[in-house]
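Residue numbers (our numbering): 103 to 248. Some notes on the structure that comes next.
So, in structure tokens, the structure goes:
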């Protein structure tokens with residue numbers, strides 16, 4: 103059984119990942135990580151799915167994946183977020199997720215990215231505050247009077 107990665111070791115893991123890349127992808131991941139942390143100082147860093155950096159606050163906000171030609175920020179509930187700056191440029195066909203592919207040399211709209219992070223956190227927090235819907239076919243419990 104795998105042990106969960108602690109927040110401190112997750113941050114260390116992400117540091118090591120950034121350093122191991124040693125090219126534009128590491129610099130880009132470090133830059134977006136810093137923007138995420140500035141947008142929401144309460145963000146929690148995690149590592150899931152065989153080493154994928156995950157940024158969470160009341161649920162997953164986004165992941166920071168690195169591939170040969172792209173750094174991909176996948177927003178767990180991206181389809182529900184307003185994106186007036188049109189940052190989302192990948193995974194546009196899905197009903198839930200949306201992603202931002204950043205290629206070498208791309209300029210990052212820092213203000214718009216921070217707003218998107220804040221909106222994703224607000225959406226997560228909104229979901230935590232809603233009462234859970236009752237399932238159909240269940241009867242309310244009745245306490246016996248004594």
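Idealized CB from N, CA, C, for every residue including glycine. Quantities reported herein were computed from a predicted structural model and do not represent experimental measurements.
{"Asked": "Residue interval of the alpha helix (DSSP H) (run including residue 129)", "Found": "126-141"}
{"Asked": "Residue 159 burial status per 10 Å Cβ neighbour count (16 or more: buried)", "Found": "buried"}
{"Asked": "Below-8 angstroms beta-carbon distance, residue 116 vs any chain B residue", "Found": "Within the model displayed, chain B is absent; a lone protein chain is all it includes."}
{"Asked": "Cα-Cα separation between residue 197 and residue 181, rounded to whole angstroms", "Found": "6 angstroms"}
{"Asked": "Three or more C-beta pairs below 8 angstroms linking the stretch 165-180 and the stretch 197-215", "Found": "yes"}
{"Asked": "C-alpha distance - residue 210 paired with residue 166, whole-angstrom precision", "Found": "14 angstroms"}
{"Asked": "DSSP beta-bridge partners of residue 166", "Found": "175"}
{"Asked": "Backbone CA spacing between residue 207 and residue 161 [nearest angstrom]", "Found": "31 angstroms"}
{"Asked": "Extent of the continuous beta strand (DSSP E) to which residue 200 belongs", "Found": "200-204"}
{"Asked": "Beta-carbon contacts of residue 141 that lie in its chain and below 6 angstroms, excluding the five residues immediately before and after", "Found": "216, 219 and 220"}
{"Asked": "Straight-line Cα distance separating residue 119 from residue 164", "Found": "17 angstroms"}
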